[in-house]
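Count the sequence shown with my numbering and you get residues 35 to 480, in order.
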Amino acid sequence: MLESTRIKTEIPGPKSRELMARRHNAVSSGLGIATPMFAKEAKGALLTDVDGNTFIDFGGGIGVLNVGHAHPRVVEAVKEQAERFLHTCFYVTEYEPYIELAERLNALVPGDTEKRSFFVNSGAEAVENAVKIARSYTRRPSVIAFENAFHGRTLLAMTLTSKTDPYKKGFAPFAPEVYRVPAPYPYRCPANRDCSGGCQGDCFAALEKAFVSYVHPQSVAAIIVEPVSGEGGFIPFPDFYLRKLRELCDEHGIVMIVDEVQTGFGRTGKMFAIEHSGVEPDLLITAKSLGGGMPIGGVTGKAEIMDAPHVGGLGTTFGGNPLACAAALAVLDAFEQEDLLARANVVGERIMAAMHDIQEKHPDFVGDVRGRGPMAAMELVEDAASRTPDKKRTGRVVEAALQEGLLLLTAGQYSNVIRTLAPLSITDDELEEGLTILARAFDQVA
Ligand SMILES: Cc1ncc(COP(=O)(O)O)c(C=O)c1O
Numbered sequence: 035m036l037e038s039t040r041i042k043t044e045i046p047g048p049k050s051r052e053l054m055a056r057r058h059n060a061v062s063s064g065l066g067i068a069t070p071m072f073a074k075e076a077k078g079a080l081l082t083d084v085d086g087n088t089f090i091d092f093g094g095g096i097g098v099l100n101v102g103h104a105h106p107r108v109v110e111a112v113k114e115q116a117e118r119f120l121h122t123c124f125y126v127t128e129y130e131p132y133i134e135l136a137e138r139l140n141a142l143v144p145g146d147t148e149k150r151s152f153f154v155n156s157g158a159e160a161v162e163n164a165v166k167i168a169r170s171y172t173r174r175p176s177v178i179a180f181e182n183a184f185h186g187r188t189l190l191a192m193t194l195t196s197k198t199d200p201y202k203k204g205f206a207p208f209a210p211e212v213y214r215v216p217a218p219y220p221y222r223c224p225a226n227r228d229c230s231g232g233c234q235g236d237c238f239a240a241l242e243k244a245f246v247s248y249v250h251p252q253s254v255a256a257i258i259v260e261p262v263s264g265e266g267g268f269i270p271f272p273d274f275y276l277r278k279l280r281e282l283c284d285e286h287g288i289v290m291i292v293d294e295v296q297t298g299f300g301r302t303g304k305m306f307a308i309e310h311s312g313v314e315p316d317l318l319i320t321a322k323s324l325g326g327g328m329p330i331g332g333v334t335g336k337a338e339i340m341d342a343p344h345v346g347g348l349g350t351t352f353g354g355n356p357l358a359c360a361a362a363l364a365v366l367d368a369f370e371q372e373d374l375l376a377r378a379n380v381v382g383e384r385i386m387a388a389m390h391d392i393q394e395k396h397p398d399f400v401g402d403v404r405g406r407g408p409m410a411a412m413e414l415v416e417d418a419a420s421r422t423p424d425k426k427r428t429g430r431v432v433e434a435a436l437q438e439g440l441l442l443l444t445a446g447q448y449s450n451v452i453r454t455l456a457p458l459s460i461t462d463d464e465l466e467e468g469l470t471i472l473a474r475a476f477d478q479v480a
């Protein structure tokens, strides 16, 4: 038995099974179930369930815990703020942590242009508001989104999302004026091109063609892009593509919205993934790891664009709640004082190397290893030649790992991608244990 994976019962254990029965009777069955166990406590990269089993967490609550579970700075900041006050609604009675968070994000988001921020409660809500702001600024209706995109589950965010099952099936009609274009995907490029080598080609041409066939550029308020598609399967957009996208937006007066809900806060080895390309976005969306476990989302962008909506046009009762702002400030402190970006790169290199070792051992079904920094993933296929997505075997690897004490999440249009969203604060020992379990899970399933 590995040291930090103290698995004491079968998974799920008896207490989790009991709670699951209650869940089935009390909670809508529309909510998915990624793992069958119930949490009791969690610290750093370790999560203990109600039966006393401890797991190494490579999921981080879906990319929320880049600083780790219950980071001491975050917990302390929330406690301190809770002692003072819990809520006023920022635009009823203002408070300083909101301003400080806006100031710090304005300074962190790349580019020299003066910035403004505002806060909401989730990633989807931030997406909705970024589009509102872009429409208000440009006085145009349309939005272009990419294949493999995930932007959330509210009406507009769901419309922007590019996966029908489970996100869109049965939920039509969708929001109007959303247009979809192909996204770079080297492993499945129809022209068989490797875009990391600087293909200047077909995907971008498809975007330009969309201006001819589907929507005139003068109708387009915004193009929204994840620098590395998250739920879509951890597929990085090549830097040259993002730079060309910037030029295209400038040429046509289109707002470039960069969705960093999953890629932000060190997940790709830089504070924001867009930094790899050197591009200054017009609007940048944050959520997930910004709050270190507290619900908060944000839009940060060029002042001229952010200030376009009329007074009172933006808002939400809880957005930028004092507890969430205090937590987010503690997250930014942790990045500054604990050198988490350097750690992210070390963790990323180690994960990538381990994944390549697994691929070398199982070239028949590990079709692709890719990602950026610790945002790393493996795409599983039935065989290397056909590249047919293998969702079934992906599920079996995840299940085998869970039984040994490693929590993994999948991604991808065909749910055949295993991704890592481990806390960047994970210790070397925990990381090695997690990667050992991962490799063993592949051996077992093979
Ligand atoms: C890139 C991206 N955008 C938006 C969202 C939606 O965020 P939330 O679930 O907080 O609404 C997600 C969630 O996974 C995401 O990964």
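We put the beta carbon where it would ideally sit given N, CA and C, even for glycine. If you're wondering where the values come from, they're calculated on a predicted model, not measured in any experiment.
I'd like the span of the beta strand (DSSP E) that includes residue i, first residue to last.
{"i": "G332", "result": "331-336"}
{"i": "T444", "result": "443-445"}
{"i": "Y369", "result": "At residue 369 the sequence reads Phe, which differs from the Tyr that was named. No beta strand (DSSP E) contains F369, which is instead part of the alpha helix (DSSP H) from 356-372."}
{"i": "A255", "result": "254-259"}
{"i": "F89", "result": "88-91"}
{"i": "S151", "result": "149-154"}
{"i": "D83", "result": "80-83"}
{"i": "Y132", "result": "Not the beta strand (DSSP E): Y132 falls in the alpha helix (DSSP H), residues 130-142."}
{"i": "L317", "result": "317-320"}
{"i": "V295", "result": "Where V295 is concerned, there is no enclosing beta strand (DSSP E), given that its DSSP letter is neither H nor E."}
{"i": "K77", "result": "73-77"}
{"i": "V57", "result": "Inspection of the sequence shows that residue 57 is occupied by Arg rather than by Val. R57 -> not in any beta strand (DSSP E); alpha helix (DSSP H) instead, spanning 48-60."}
{"i": "R214", "result": "212-215"}
{"i": "F274", "result": "Note, F274: premise wrong, no beta strand (DSSP E); alpha helix (DSSP H) at 273-286."}
Measuring alpha carbon to alpha carbon, tell me which residue in the options is nearest residue i.
{"i": "L442", "options": "P224, V246, I67", "result": "I67"}
{"i": "F72", "options": "F476, V177, G95, T172", "result": "G95"}
{"i": "K77", "options": "R56, F92, G145", "result": "F92"}
{"i": "H105", "options": "A445, G327, E394", "result": "G327"}
{"i": "L99", "options": "D477, A378, I392", "result": "A378"}
{"i": "F274", "options": "F306, H310, M305", "result": "H310"}
{"i": "T350", "options": "D417, A160, V112", "result": "A160"}
{"i": "V212", "options": "A255, T198, T334, A116", "result": "A255"}
{"i": "G312", "options": "H344, K278, H286, Y448", "result": "K278"}
{"i": "R384", "options": "H344, E466, E438", "result": "E466"}
{"i": "I19", "options": "R406, I319, L375", "result": "The structure shown has nothing for residue 19, since the chain only spans 35 to 480."}
{"i": "E265", "options": "Q252, T444, V84, T320", "result": "T444"}
{"i": "F271", "options": "N182, L135, I90, E44", "result": "N182"}
{"i": "K426", "options": "G407, F476, A419, A141", "result": "F476"}
{"i": "A240", "options": "L80, P216, Y129", "result": "P216"}
Looking at the secondary structure, which residues open and close the alpha helix (DSSP H) in which residue i lies?
{"i": "E413", "result": "Per DSSP, E413 belongs to no alpha helix (DSSP H); it is in the beta strand (DSSP E), 409-414."}
{"i": "S462", "result": "Going by the sequence as given, residue 462 is Asp instead of Ser. Start and end: 462-479."}
{"i": "I557", "result": "Any question about residue 557 goes unanswered here, given that the chain covers just 35 to 480."}
{"i": "E438", "result": "425-438"}
{"i": "T172", "result": "157-172"}
{"i": "E114", "result": "106-118"}
{"i": "V451", "result": "Here V451 belongs to no alpha helix (DSSP H); instead the beta strand (DSSP E) covers 451-453."}
How close, in whole Å, do the beta carbons of residue i and residue j come, if the pair is a contact with beta carbons under 8 Å?
{"i": "Y171", "j": "A342", "result": "4 Å"}
{"i": "N155", "j": "G353", "result": "6 Å"}
{"i": "V259", "j": "F180", "result": "6 Å"}
{"i": "L190", "j": "E162", "result": "5 Å"}
{"i": "T428", "j": "S151", "result": "In fact, because the Cβ distance is near 38 Å, the residues do not count as touching under 8 Å."}
{"i": "V101", "j": "A321", "result": "No, V101 and A321 are not in contact; Cβ-Cβ is about 15 Å, not under 8 Å."}
{"i": "P175", "j": "S253", "result": "6 Å"}
Counting only the same chain and skipping the five closest in sequence on each side, list residues whose C-beta sits under 6 Å from that of residue i.
{"i": "D463", "result": "none"}
{"i": "P315", "result": "M290, V292, I308"}
{"i": "M412", "result": "M389, V400, V403, I452"}
{"i": "S226", "result": "A small correction: the amino acid at residue 226 is Asn; Ser does not occupy that position in the sequence shown. Contacts found: none."}
{"i": "T147", "result": "K336"}
{"i": "V108", "result": "G326, A361, A364"}
{"i": "K49", "result": "V84, D85"}
{"i": "L455", "result": "G93, G94, G97"}
{"i": "R51", "result": "none"}
Which residues in the same chain have their Cβ closer than 8 Å to the Cβ of residue i, if we skip the five residues on either side of it in sequence?
{"i": "R421", "result": "Y221, R222, G401, V415"}
{"i": "Y132", "result": "F124, F153, G354, P356, C359"}
{"i": "C283", "result": "I257, V289, M290, D316"}
{"i": "D424", "result": "F399, L414, V415, E416, N450"}
{"i": "F208", "result": "L189, M192, T193, K202"}
{"i": "L80", "result": "S38, T88, F89, I90, D91, H103, E464"}
Residues in its own chain within less than 7 Å of residue i by CB, not counting five upstream and five downstream?
{"i": "M25", "result": "Absent from the structure is residue 25, since the part of the chain shown begins at 35 and ends at 480."}
{"i": "P46", "result": "M54, P70, M71"}
{"i": "A164", "result": "I291, L317, I319, V333"}
{"i": "E137", "result": "none"}
{"i": "G251", "result": "Per the sequence shown, residue 251 should be read as Pro rather than Gly. Cβ neighbours of P251 beyond the five flanking positions: F245, H286, I288."}
{"i": "R40", "result": "N87, T88"}
{"i": "R474", "result": "E438"}
{"i": "Y448", "result": "P423, K425"}
Against chain B, does residue i count as a neighbour if the rule is that its beta carbon must be under 8 Å from one of theirs?
{"i": "G47", "result": "Among the chains in the structure shown there is no chain B, since it carries only a single protein chain."}
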